[in-house]
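S.K.: With this note's numbering applied, the sequence shown covers 3 to 740. No residue lacks a Cβ here, since even glycine has one placed at the ideal position from N, Cα and C. What you are looking at is a predicted structure, and each value in this text was computed from that prediction instead of being measured.
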Amino acid sequence: LHILPTDPMTLAPILRVAVAAPLYQTFDYLAPDGWDTATLRPGMRLRVPFGHGERCGLLLETADCALIETPLRYATAVLDTVPLLAPEDLALGRWAARYYGTPLGEVLLGTLPRRLRDGVPLPAPQGWQLTPVGFTVGDAQLRRAPRQHEIVEILRAHPGGVRLEAQQGGQSTTLRALAAKGWVQRCTVPAPSWAIAVATPLEHTLNAAQASALEALEAGLDGFHAYLLEGVTGSGKTEVYLRLLERALTLGRQALILVPEIALVSQLLRRMQRRSSVPIALLHSGLAEGERERAWLRARSGEARVVLGTRSAVFAPLPELGLIVVDEEHDSSYKQQEGFRYSARDLALVRARQRGCTVLLGSATPALETLRNVARGRYLHLGLPTRAGGAVPPRLALLNIRSVRLQAGLSPQLLDLMEERLGAGNQVLLFLNRRGYAPVLTCHDCGWVSGCRHCDARMTLHKAEQRLWCHHCGLQIAAPTRCPECASANLLGLGQGTEQLEEFLQERFPAYSLVRIDRDATRRSGALERGLAEIRSGAHRILLGTQMLAKGHHFPEVTLVGILDADQGLYSLNYRGSERMAQLLIQVAGRAGRAQKPGQVVIQTRHPDHPLLRVLIRHGYGAFARLALLEREQAELPPFSFQALLRAEAIDPQAPLAFLATAVALAHNLDDQGVEFWGPVPAPMGRLGGRTRAQLLLQSQHRDRLQALLGVWLPQLASLKGRGRIRWSIDVDPQEML
Ligand code: ADP
Ligand code: ZN
Ligand code: ZN
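Dropping the structure here:
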């Protein structure tokens, strides 16, 4: 043990630094030699020696004295003059790191734009102001420097600082000269106030339900309040968000709006831009790195008043945050499925509580967790029971297809209905959540099936490309023309994907233009936008797609929705399968008949007697949710218990189970009271991308028990010897069990 000198003259503060590394610890350094440590603030970046190289780290705190095991190294540089991250950003990161069992450095640095993470300096503040000395300068001293005089006059008129964009030539040299004399300095300038700039051409008068929801929401804008706005698709939720947003903006606050999909970002952006010119920063995964960085910086400086984005935008720095909206809060894309596995919806709530601001969750089909939180009084429930503008809700009907001969997955009844609706000039939407041509290629003679060589999965036939494609690991091979086992040419695709459905419909309805929206058809950049725009303009009669088409879009001319296969979710491995299925059905159904044209939804199923499906169709999502929650409660599943999933994978087929067994043994040595261990077991998809996978499920009735165990257990797992061969990860509140 080394003990730092206690002589007050030489006592140097210790800098506690987070570094992006898969290690559950922070790292201590001394300030660079001769650095004035009084200028250091948490949230500043430092360059620090790390291993044999150097890293960019974030200063978390300075501590006065410490017992240390090795002599401390010196940080090599301080990269910021002001903190990059505010205390509240650090607090959110700490909470998330602890809750999701992810190293703090990976959370804090991993959510930064790349160049900032690597230590690139912040752009200088945009404004200029007079220094205290500068204010004492008299006109006489500037008599022979008219340009300098001019600038000093401007700055005298703006004691809080002002942006001097290059309006006048030669300004930068003039400013540099003034700065050299110590008369002027750079400063941050508050963005222009948007208090009056929100011009709202009000499109509608709110209906009574909207008005009373808005009134409740506005009354709560002064502090932390959580609301669920539950309203069927088309009930006018977005209208309520926008009015509340405008109120928050006029109060001088910034707002954060989260949507589940990139396509919904542009849709909402268009709607916002029609109403006001407020500066909006977009943050989503489709941005180039430079765009992301600029958006992030505009949010941080307060210049952007609204951040609109997908999942990762929940970490955007917003110094004046006053409102968070999470649209389609039930959507599973809010959960990150790799690396740092956070839920943006749940972090939005944490962030609102930390910041003392309002968070509004909106959905037509709230997550069961959210409904449970409403029942416990944690969120205030606001409802929009009817469709805005008088549109009639769609009629839902189950269509039994047991022992019915299908053509490309379509029953004769559904085909007849399509014929009729298309003939009457309407749009028809068909939903099939399986892309590709056929889910599997098989040999009619010997029974060979197209399994993936790296996964326990079938390879999907994509006919246009003549390829077999594994949708799990991405492996692609040329589709064989003869069976690899018996050389028979009798190969057939089994089942239907969207590609096959498209081919069939083009033959069956040659007179009607068709558009397919799925991941394959929209791979090229801009293709999705174009497809959606064409749908809006009425260029297509038949819309065919996967869940990409199910989310949030307005297709008012659609009067018939056909759901080709409702049974996938009913018997899924994941206990969330039926909840997802119900949400998807209601969401897809919500695309229909949004204008004055009544819509009809036909759901093809082989299980028309399934109790959850029947309740959903007869009594709606609310009744479904009550029944599903009752089942969860009886089975002690979330939200009535809390789970974490430890996954392990390795090339060596024995290693994952062995690692997880060691993990269980380690946990039993700790305080694991009240935590149940299920497994280790092979993962449902036991092989993926050539690696064997296993998992261990932890479950507890008490969230804090589970959290406390993870807090000591994960660091021990991280320091296990020989873990190099194993990849493991922790998933708190897992959504997928695959
Ligand atoms: P949601 O977000 O619940 O799907 P929107 O806010 O998008 O609903 O509203 C659905 C449609 O109804 C939109 O075309 C919108 O312009 C319209 N709308 C919303 N509120 C009203 C209202 N009070 N009166 C008339 N039309 C409305
Ligand atoms: Zn064969
Ligand atoms: Zn595969």
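How many Å lie between residue 389 and residue 208 at the Cα?
M.R.: In a straight line, the C-alpha of residue 389 is about 12 Å away from that of residue 208.
S.K.: Under a three-way DSSP split, which group does residue 378 fall into?
M.R.: Coil, per DSSP.
S.K.: One question on the structure: do residue 544 and residue 516 come within less than 7 Å of each other, judged by their Cβ atoms?
M.R.: Yes; because the gap between Cβ atoms is below 7 Å, this pair is in contact.
S.K.: Taking only three categories from DSSP, how would you classify residue 651?
M.R.: Strand, per DSSP.
S.K.: Just to confirm, does residue 452 get its C-beta within under 6 Å of one of the non-hydrogen atoms of ligand 2?
M.R.: Residue 452: no, Cβ never under 6 Å from ligand 2.
S.K.: Quick check on the DSSP output: the beta strand (DSSP E) that includes residue 29 runs from which residue to which?
M.R.: Where residue 29 is concerned, the enclosing beta strand (DSSP E) stretches over 29 to 32.
S.K.: Between the C-alpha atoms of residue 106 and residue 100, what's the straight-line distance to the nearest angstrom?
M.R.: So the two alpha carbons sit approximately 8 Å from each other.
S.K.: Considering only residues of the region 626 to 690, which uninterrupted alpha helix (DSSP H) runs meet the minimum length of 4 residues and lie entirely inside it, listed in chain order?
M.R.: The qualifying runs are 657 to 671.
S.K.: Ignore the nearest five residues each way along the sequence and tell me which others in residue 180's own chain have a CB closer than 6 Å to its CB.
M.R.: Excluding sequence neighbours, residue 180 sits near 150 and 186.
S.K.: Residue 211: beta carbon under 6 Å from a heavy atom of ligand 1?
M.R.: No; taking the cut-off as 6 Å, the Cβ of residue 211 has no heavy atom of ligand 1 nearer than that.
S.K.: Would you say the region 512 to 531 touches the region 392 to 405, given that touching needs at least three Cβ pairs under 8 Å?
M.R.: Flag = no, the region 512 to 531 and the region 392 to 405 do not touch.
S.K.: Quick check on this structure: which residue in 713, 476, 666 and 265 has the alpha carbon closest to the alpha carbon of residue 535?
M.R.: Nearest C-alpha to residue 535: 265.
S.K.: I need the straight-line Cα distance from residue 735 to residue 226, nearest angstrom please.
M.R.: Whole-angstrom Cα-Cα distance: 24 Å.
S.K.: Per DSSP, which one or two residues make a beta bridge with residue 693?
M.R.: DSSP output for residue 693 lists 690 as bridge partner(s).
S.K.: Tell me which residues share the same chain as residue 550 and place their Cβ nearer than 8 Å to its Cβ, disregarding the 5 neighbours each side in the sequence.
M.R.: If we look at residue 550 and ignore the five residues flanking it on each side, its Cβ neighbours are 263, 265, 519, 520, 521, 524 and 530.
S.K.: Nearest to residue 338 by alpha carbon, out of 320, 357 and 314?
M.R.: Ranking the options by Cα distance to residue 338, first place goes to 314.
S.K.: Locate the alpha helix (DSSP H) running through residue 303, then write down its first and last residues.
M.R.: Where residue 303 is concerned, the enclosing alpha helix (DSSP H) stretches over 291 to 303.
S.K.: Thinking C-beta only, is residue 366 closer than 7 Å to residue 267?
M.R.: No. Outside cutoff.
S.K.: Whose CA, out of 87, 75 and 21, lies closest to the CA of residue 46?
M.R.: Checked all of 87, 75 and 21; the closest Cα to residue 46 is 87.
S.K.: Is the separation between the beta-carbon of residue 465 and that of residue 504 shorter than 7 Å?
M.R.: Taking 7 Å as the Cβ cut-off, residue 465 and residue 504 do not qualify as a contacting pair.
S.K.: Could you work out which residue in 126, 238 and 532 is closest to residue 592 when comparing CA atoms only?
M.R.: With distances taken between Cα atoms, residue 592 lies closest to 238.
S.K.: Mind checking whether the beta-carbon of residue 674 lies closer than 6 Å to any heavy atom of ligand 2?
M.R.: No - ligand 2 has no heavy atom lying nearer than 6 Å to the Cβ of residue 674.
S.K.: Going by beta carbon distance, what residues of the same chain come within less than 6 Å of residue 110, once the five residues before and after it are set aside?
M.R.: Answer for residue 110: 20, 60 and 95, listed in chain order.
S.K.: Indicate whether residue 475 and residue 456 have their beta-carbon atoms separated by less than 7 Å.
M.R.: Contact flag set, yes.
S.K.: Quick one, are the C-beta atoms of residue 363 and residue 328 less than 7 Å apart?
M.R.: For residue 363 and residue 328, yes; Cβs fall inside 7 Å.
S.K.: What does the alpha-carbon distance come out to for the pair residue 249 and residue 122?
M.R.: So the two alpha carbons sit approximately 36 Å from each other.
S.K.: In or out: residue 171 buried (at least 16 other Cβ within 10 Å) or exposed?
M.R.: For residue 171, the predicted structure reports a pLDDT of 46, less than 50, and the residue's modelled location is therefore unreliable. The matter cannot be settled from this model.
S.K.: Which residue's Cα is closest to the Cα of residue 415: 564, 102, 617 and 636?
M.R.: Of 564, 102, 617 and 636, the residue nearest in Cα terms is 564.
S.K.: Using the C-alpha atoms, what's the distance from residue 176 back to residue 152?
M.R.: Approximately 10 Å, taken between the alpha carbons.
S.K.: Which residue from 241, 340, 117 and 432 puts its Cα closest to that of residue 546?
M.R.: Comparing Cα positions, the closest option is 432.
S.K.: Give me the Cβ distance between residue 32 and residue 76, rounded to the nearest whole Å; I'm assuming they're in contact under 8 Å.
M.R.: The Cβ separation is near 5 Å, so the contact holds.
S.K.: Quick one: complete alpha helix (DSSP H) runs, 4+ long, within the region 53 to 117?
M.R.: Within the region 53 to 117, the complete alpha helix (DSSP H) runs of at least 4 residues are 89 to 101 and 106 to 112.
S.K.: Would residue 246 pass as a contact of residue 219 if the rule is Cβ separation under 7 Å?
M.R.: Yes, the Cβ-Cβ distance between residue 246 and residue 219 is below 7 Å.
S.K.: On the criterion of 16 or more Cβ atoms from any shown chain inside 10 Å, does residue 605 qualify as buried, or is it exposed?
M.R.: Result: buried.
S.K.: If you draw a straight line from the C-alpha of residue 43 to the C-alpha of residue 84, how long is it?
M.R.: Going by the C-alpha atoms only, they are around 7 Å apart.
S.K.: Determine contact between the region 710 to 724 and the region 660 to 677, defined as no fewer than three beta-carbon pairs at a distance below 8 Å.
M.R.: Result yes; three or more Cβ-Cβ pairs closer than 8 Å.
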